[in-house]
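Novice: After the structure tokens below, expect a handful of questions from me.
There are 2 protein chains.
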Amino acid sequence: MPLMKSWVESANAPNHPFPLNNLPYGVFSTEGTDPRPGVAIGDMILDMEAAEAEGVVTLSEYPLFDVPFWNEVMEEGPAVWAALRARLTSLLAEGSAERDRVEPLLVPMADADLHMPFAVSEYTDFYAGRHHATNVGTMFRGAENALPPNWLHIPIGYNGRASSVVVSGTDIRRPWGQLKSPDHDLPAFLPSRRFDIELEMGAIVGMHSDGPVTVQEADTMIFGYVLLNDWSARDIQAWEYQPLGPFQAKATATSISPWIVTKAALEPFRVNAPEREFELLDHLKDVGPMLYDIKLAVDMAPEGKAATTIARTNYAQLYYSAAQQLAHHSSSGCPMSVGDLLGSGTISGPTKPERGSLLELSWGGKEPLTLDTGEQRSFIEDGDTLTLKGFAEGDGYRIGFGDCTGTVLPALDDPYKR
Amino acid sequence: MPLMKSWVESANAPNHPFPLNNLPYGVFSTEGTDPRPGVAIGDMILDMEAAEAEGVVTLSEYPLFDVPFWNEVMEEGPAVWAALRARLTSLLAEGSAERDRVEPLLVPMADADLHMPFAVSEYTDFYAGRHHATNVGTMFRGAENALPPNWLHIPIGYNGRASSVVVSGTDIRRPWGQLKSPDHDLPAFLPSRRFDIELEMGAIVGMHSDGPVTVQEADTMIFGYVLLNDWSARDIQAWEYQPLGPFQAKATATSISPWIVTKAALEPFRVNAPEREFELLDHLKDVGPMLYDIKLAVDMAPEGKAATTIARTNYAQLYYSAAQQLAHHSSSGCPMSVGDLLGSGTISGPTKPERGSLLELSWGGKEPLTLDTGEQRSFIEDGDTLTLKGFAEGDGYRIGFGDCTGTVLPALDDPYKR
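Sequences listed follow chains A and B, in order. Just add 217 to wherever you are in the first sequence, counting from 1, and you've got the numbering used here. Just add 217 to wherever you are in the second sequence, counting from 1, and you've got the numbering used here.
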């Protein structure tokens, strides 16, 4: 499919992240106005609350866009999702007869603040990148035992903390935590010294389920995708994670990009999962191409300095798709909810510059990175800005996600001082 | 404090779980009516929606009781919690001048269905019982390495799944899951064969926080307590839990008792935590007695048969209080929300009949229990009803929790058949 042209001229610019083919969903506000749903088109945002109020978009008998999140639209289900996309495409396409009605509803993106695009019901983080799991396992347990015995049979995951999910641009305060260094007998409560990123993508569940769902049903339930950075305190994690898994190490914040790129926009980019070393059990079997060819990168910028791209990889490097993760998640009968967020797990490729965390890039701190500006980094230092970027490349157009960025602030001197 | 007498005569009966000293909060409905908040007093429920509508209880300028959960009351904060308890005590006390206004607002508990008393924001399960952790650790790693090195320094916990929390009386469907038996090379997807209970108590967070809170602040934030059964599929858990902790093993269901017993009602029963083997770090230190003397028991009844009490223990057997768990939970800056539920972890005492799970009672299936009715049990069999019971014993009265019960239904023949 080639570039679909819009009468919003900026959307037709080469390599623009938000052409008519994309139409991602966010929540925005302008000075003095309340956050409301919007759709990105080129350098503009279509104000969906206004579009609904004006009768330009009507999806149901009751309003869906008078709230600062997309959950109400998700609740309507896939037929309405498709109807909305079709309507938006028609309204914004070159030659649209309704241009005059729509043009007054556009807001320049430069004037907008972006907010969380949806209300997160629950957040689950998976561990579905084979190269990442192998790298971390090698560091912790040696190359022979790198992958746990279950890894090639289950999309391993753990429940995270929905309350800690924030939108791109939110500053991240370096956490305190209980740490035990190898040269001390006892732990201490200190600021984390090994604060890290995890380059992930998040899948947003758009439908409820009450019992086990198949991989095909799970794919139908997914509303869209975002970039996701699961900030991780490696020193807190190392001390706390046995035997019940990561907890406070992952609870400070998880950042997501501000635009939900719909599953529909990503359809042309579906690719197959890698070859299976063991045949998957029936309820997890591939039922078609469910990964996507999405180019991903991580930029790191010391305070006041230019950014260096420290990693480039691809979403297709995952071993398990979001649909397989969701199928596994529901397999015990666990009810799934509209607004659940599934982190993919860190996405690393097979070579060193494709690694999606500083833990892997600096090999546990043993091989510090040198940035283009000359600084060395093993983990994040105060003032560093970390930015995830991603896009799918079509025939003369891109499906962009918008940056997922955050600046790390110094730990508080005393976190209990009010 | 002795028994406080009520004009609701049944509340004054010896050993009644709901005397005037208690006043626990639930959500109920009667035939043809919608669920609404209520307060248990003896064999009756005070209809709080009606009490507010009639002007008998007025806590704010806007209604708090026209919703089927207690979260709105929690949002008001501790001053309103105290005002509500004082008002209810005055209305229901023997000799109340307002008896005539209140009596028409009482509904017989026998006519009521009980529902979830609050909307669960997020659910966290801890592992704060030393005897339980020691028993499980001994089974899995041997007596020498029973307690992980962090255990005596951190209240170890993991995030659970809020969507799976159900009210007492909800049937529990035996889950399917990925299992690997020791005599097979590969896993299979099968119904769980080692389905278990965990005898716990749940603490309900009633206030928001955005950064680390002290143990004292955490205690203030707790609204009340319930009994909690964290149903656990041991065979799913054994295969999945490395390296990121329990996931689908704990996601089928967690049952809670239907009445929130307030922190205020439990005040007379505060007891100190056990002696500390290592001094706790400052941010986790005991700041007074924050456990409670609450007697707990587990009953098991095969289908159509009488129940056998299979365990008796006490909440005071925990090593870490809910306030310490909450302080730890917030220590990384993790935002905490009104309606968060914190499971205590399984509560076992030092001797065999005090063990709070079948895993411990049957020592991993090696020492099956014999019930009073003659049946043997290592884990739960289809049709078994498991019931947690609990009360604090005062001077001539009890603070009861109401049973936390559930019957295990057979696994579906094919969980994917619709």
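For glycine and all other residues, C-beta sits at the position ideal for the given N, C-alpha and C.
Taking residue 241/A and residue 230/A to be in contact with their CB atoms under 8 Å, please state how far apart those CB atoms are, rounded to whole angstroms.
Specialist: Within the first sequence, numbered from 1, the residue matching residue 241/A stands at position 24. Within the first sequence, numbered from 1, the residue matching residue 230/A stands at position 13. Going by Cβ atoms, the distance from residue 241/A to residue 230/A rounds to 16 Å, so no, they are not a contact pair.
Novice: DSSP three-state call for residue 565/A: helix, strand or coil?
Specialist: As a position in the first sequence, residue 565/A is number 348, starting the count at 1. In the structure shown, residue 565/A sits in coil (DSSP, three-state: anything other than H, G, I, E or B).
Novice: Could you name the residues that DSSP lists as bridge partners for residue 512/A?
Specialist: Reading the first sequence from its first residue, position 295 is the one you call residue 512/A. Paired residues: 531/A and 608/A.
Novice: Just the Cα atoms here: how many angstroms apart are residue 553/B and residue 522/B?
Specialist: If you number the second sequence from 1, residue 553/B lands on position 336. If you number the second sequence from 1, residue 522/B lands on position 305. Roughly 43 Å separates the two Cα atoms.
Novice: Using only CA atoms, which one of 514/B, 382/B, 299/B and 590/B lies nearest to residue 563/B?
Specialist: Within the second sequence, the letter at position 346 stands for residue 563/B. When each option's Cα is compared against that of residue 563/B, the closest is 514/B.
Novice: I'd like to know whether the C-beta of residue 371/A is nearer than 8 Å to at least one C-beta of chain B.
Specialist: On the first sequence, residue 371/A is found 154 positions in, with the first residue counted as 1. True, the Cβ-Cβ gap to chain B drops below 8 Å.
Novice: Among 602/B, 547/B, 224/B and 364/B, which has the Cα closest to the Cα of residue 259/B?
Specialist: In the second sequence, counting from the first residue as 1, residue 259/B sits at position 42. Residue 224/B is the option with its Cα nearest to residue 259/B.
Novice: Starting from residue 453/A and walking both ways along the alpha helix (DSSP H), at which residues does that stretch end?
Specialist: Taking the first sequence and counting its residues from 1, the one referred to as residue 453/A is at position 236. Counting along the chain, the alpha helix (DSSP H) containing residue 453/A begins and ends at 451-457.
Novice: Could you work out which residues of chain B lie near residue 381/A, taking near to mean beta carbons separated by less than 7 Å?
Specialist: Locating residue 381/A in the first sequence gives position 164, counting from the first residue. Those within 7 Å of residue 381/A in chain B are 551 and 552.
Novice: In the DSSP assignment, find the alpha helix (DSSP H) that holds residue 574/A and state where it starts and stops.
Specialist: Stepping through the first sequence from its first residue, residue 574/A is reached at position 357. That residue, residue 574/A, is in no alpha helix (DSSP H); it is neither H nor E in DSSP.
Novice: Could you run through the stretch 341-375 of chain B and flag, in chain order, every residue whose CB is less than 7 Å away from some CB of chain A?
Specialist: Within the stretch 341-375 of chain B, the residues whose Cβ lies closer than 7 Å to some Cβ of chain A are 344, 365, 367, 370, 371, 373, 374 and 375, listed in chain order.
Novice: Give the range of the beta strand (DSSP E) segment to which residue 446/A is assigned.
Specialist: For this step, residue 446/A is matched to residue 229 along the first sequence. Its beta strand (DSSP E) spans residues 439-447.
Novice: Residues in the stretch 449-473 of chain A with C-beta within 8 Å of chain B's C-beta atoms, listed in sequence order?
Specialist: Within the stretch 449-473 of chain A, the residues whose Cβ lies closer than 8 Å to some Cβ of chain B are 450, 453, 456, 457, 458, 459, 460, 461, 462, 463, 464, 465, 466, 468, 469 and 470, listed in chain order.
Novice: Report the rounded CA-to-CA distance for residue 293/A versus residue 603/B, giving the unit in angstroms.
Specialist: Within the first sequence, the letter at position 76 stands for residue 293/A. Within the second sequence, the letter at position 386 stands for residue 603/B. Approximately 38 Å, taken between the alpha carbons.
Novice: Rounding to the nearest angstrom, what Cα-Cα distance links residue 355/B and residue 408/B in this structure?
Specialist: Within the second sequence, the letter at position 138 stands for residue 355/B. Within the second sequence, the letter at position 191 stands for residue 408/B. If I take the Cα positions, the gap works out to 27 Å.
Novice: Any idea what DSSP makes of residue 659/A, helix, strand or coil?
Specialist: Any property of residue 659/A remains undetermined from this structure, which presents chain A solely from 218 to 635.
Novice: Which stretch, first to last residue, makes up the beta strand (DSSP E) that contains residue 246/B?
Specialist: On the second sequence, residue 246/B is found 29 positions in, with the first residue counted as 1. Segment 242-246, the beta strand (DSSP E) holding residue 246/B.
Novice: Evaluate residue 537/B with the Cβ neighbour count: other Cβ atoms within 10 Å of its Cβ, from every protein chain shown; 16 or more gives buried, anything less gives exposed.
Specialist: The residue given as residue 537/B occupies position 320 in the second sequence. With 16 or more other Cβ atoms within 10 Å, it is buried.
Novice: For residue 338/A, collect the residues of the same chain with a Cβ closer than 7 Å to its Cβ; drop the 5 residues on either side in sequence, then sort them by chain order.
Specialist: Your numbering for residue 338/A matches position 121 in the first sequence. Same-chain partners within the cutoff: 379, 554, 555, 556 and 557.
Novice: Chain B partners of residue 498/A, CB-CB under 8 Å?
Specialist: The residue labelled residue 498/A in the question sits at position 281 within the first sequence. Neighbours of residue 498/A on chain B, chain order: 395, 404, 405 and 406.
Novice: Counting Cβ pairs closer than 8 Å, one from the stretch 426-439 of chain A and one from the stretch 499-515 of chain A, do we hit at least three?
Specialist: Short answer: they touch.
Novice: Just checking: is the beta-carbon of residue 387/B within a distance shorter than 8 Å of some beta-carbon in chain A?
Specialist: As a working note, residue 387/B is residue 170 in the second sequence. With 8 Å as the cut-off, residue 387/B does not count as an interface residue toward chain A.
Novice: Taking the beta strand (DSSP E) that residue 353/B belongs to, which residues open and close that run?
Specialist: The residue given as residue 353/B occupies position 136 in the second sequence. That residue, residue 353/B, is in no beta strand (DSSP E); its alpha helix (DSSP H) goes 347-358.
Novice: Could you give the distance in angstroms between the alpha-carbon of residue 323/A and the alpha-carbon of residue 483/A?
Specialist: Here the question's residue 323/A lines up with position 106 in the first sequence. Here the question's residue 483/A lines up with position 266 in the first sequence. Their Cα atoms are separated by approximately 24 Å.
Novice: Suppose the cutoff is 6 Å on Cβ atoms and the five residues either side in sequence are ignored; what does the same chain contact list for residue 516/B look like?
Specialist: The sequence position of residue 516/B within the second sequence is 299, counting from 1. Once the five neighbours on either side are set aside, the close Cβ partners of residue 516/B are 524, 526 and 604.
Novice: With 7 Å as the C-beta to C-beta threshold (strictly closer), list the residues of the stretch 415-438 of chain B near chain A in chain order.
Specialist: If the cut-off is 7 Å between Cβ atoms, the stretch 415-438 of chain B has 428, 429 and 431 near chain A.
Novice: Could you work out which residues of chain B lie near residue 536/A, taking near to mean beta carbons separated by less than 9 Å?
Specialist: For this step, residue 536/A is matched to residue 319 along the first sequence. Going along chain B, no residue has its Cβ under 9 Å from residue 536/A, so there is no contact; the nearest lies around 15 Å.
Novice: Suppose only complete runs of 4+ residues qualify. What are the alpha helix (DSSP H) ranges in the stretch 375-443 of chain B, listed by chain order?
Specialist: With a minimum length of 4 residues, the continuous alpha helix (DSSP H) runs that stay inside the stretch 375-443 of chain B are 432-438.
Novice: Span of the beta strand (DSSP E) holding residue 471/A?
Specialist: As a first step, residue 471/A is located in the first sequence; it is residue number 254 there, counting from the start. Note, residue 471/A: beta strand (DSSP E), 471-473.
Novice: CB-CB under 7 Å to residue 311/B, same chain, minus the five flanking residues each way: which ones, in chain order?
Specialist: For the purposes of this step, residue 311/B is taken as residue 94 along the second sequence, with counting starting at 1. So the qualifying residues of the chain are 222, 223 and 224.
Novice: By the DSSP assignment, the alpha helix (DSSP H) with residue 295/B in it spans what residues?
Specialist: Translated into the one-based positions of the second sequence, residue 295/B becomes position 78. Here the alpha helix (DSSP H) through residue 295/B covers 295-309.
Novice: For the candidate residues 623/B, 630/B, 635/B and 627/B, whose alpha-carbon lies nearest to that of residue 386/B?
Specialist: In the second sequence, residue 386/B corresponds to position 169, counting from 1. Here the closest residue by C-alpha is 623/B.
Novice: When you compare the stretch 354-371 of chain B with the stretch 325-334 of chain A, are there three or more beta-carbon pairs, one atom per stretch, that lie closer than 8 Å?
Specialist: Contact between the stretch 354-371 of chain B and the stretch 325-334 of chain A is absent, because fewer than three Cβ pairs lie under 8 Å.
Novice: Is it the case that the Cβ atoms of residue 474/A and residue 444/A are separated by a distance below 8 Å?
Specialist: Residue mapping note: residue 474/A aligns to position 257 of the first sequence, counting from 1. Residue mapping note: residue 444/A aligns to position 227 of the first sequence, counting from 1. For residue 474/A and residue 444/A, yes; Cβs fall inside 8 Å.
Novice: Using 8 Å as the Cβ pair cut-off and three pairs as the minimum, do the stretch 610-623 of chain A and the stretch 234-253 of chain A touch?
Specialist: In short, these stretches touch, since the Cβ pair count reaches three.
Novice: Comparing alpha-carbon positions, which option in 377/A, 608/A, 579/A and 381/A lies nearest residue 597/A?
Specialist: Locating residue 597/A in the first sequence gives position 380, counting from the first residue. For the residues 377/A, 608/A, 579/A and 381/A, the minimum Cα distance to residue 597/A belongs to 579/A.
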